[in-house]
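Novice: Be aware that the sequence shown starts at 12, since it is given in my numbering, and climbs by one per residue.
Where is the CB? At the ideal position from N, CA and C, for every residue including glycine.
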Amino acid sequence: MDVSAVPEILCRLDDIPDGGVLGVDPPDPEGEPLLLARHGNSVQAWLNVCPHAGRRMDYAPGLFLVKDSKLTCAVHGATFALHEAGLCVAGPCRGQSLVAVHVQVRDGVVSRA
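Here it is in structure tokens:
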């Protein structure tokens, strides 16, 4: 069996509140933490890193400032539109985007695509 073909399971779809965000730390300590945003049965994912200062987006592990489908960086207040591919719409990195990570949802399980 080719282990490189086995997708990295991140979480169950039900672990992410609909309209909310979930932080996922990688199993490999050298890997990048992710943030997953759920909209119904679809999930978008980005690196949990603000493009402005390279800091994590959560204000405490796994806790994010989310309101009206906008995610605000806890460090300098940059605001990202989750429905607009993680585009920064306000703050010090306006016009930049979060780094997208391809994921898939299959049988209620979210994994890297």
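Beta carbon of A47, beta carbon of L21: below 8 angstroms?
Specialist: Here the question's residue 47 lines up with position 36 in the sequence shown. Here the question's residue 21 lines up with position 10 in the sequence shown. Ala is not the amino acid found at residue 47; the sequence shown has Leu there. Taking 8 angstroms as the Cβ cut-off, L47 and L21 qualify as a contacting pair.
Novice: Report back the beta-carbon spacing between G175 and P44 to the nearest angstrom; my notes put them in contact at under 8 angstroms.
Specialist: Outside the shown range of the chain (12 to 124) lies residue 175, about which nothing can therefore be said.
Novice: CB-CB under 6 angstroms to C84, same chain, minus the five flanking residues each way: which ones, in chain order?
Specialist: Stepping through the sequence shown from its first residue, residue 84 is reached at position 73. Cβ within range, chain order: C61, M68.
Novice: Roughly how many angstroms lie between the CA atoms of T90 and L82, to the nearest whole one?
Specialist: Working through the sequence shown from its first residue, we reach residue 90 at position 79. Working through the sequence shown from its first residue, we reach residue 82 at position 71. Approximately 6 angstroms, taken between the alpha carbons.
Novice: Report back the beta-carbon spacing between S122 and V114 to the nearest angstrom; my notes put them in contact at under 8 angstroms.
Specialist: By one-based count along the sequence shown, residue 122 stands at place 111. By one-based count along the sequence shown, residue 114 stands at place 103. So it is a contact: roughly 7 angstroms between Cβ atoms.
Novice: Does the beta carbon of C104 fall short of 7 angstroms from some heavy atom of the ligand GTP?
Specialist: Because no ligand of any kind appears in the structure shown, any question about the ligand GTP cannot be addressed here.
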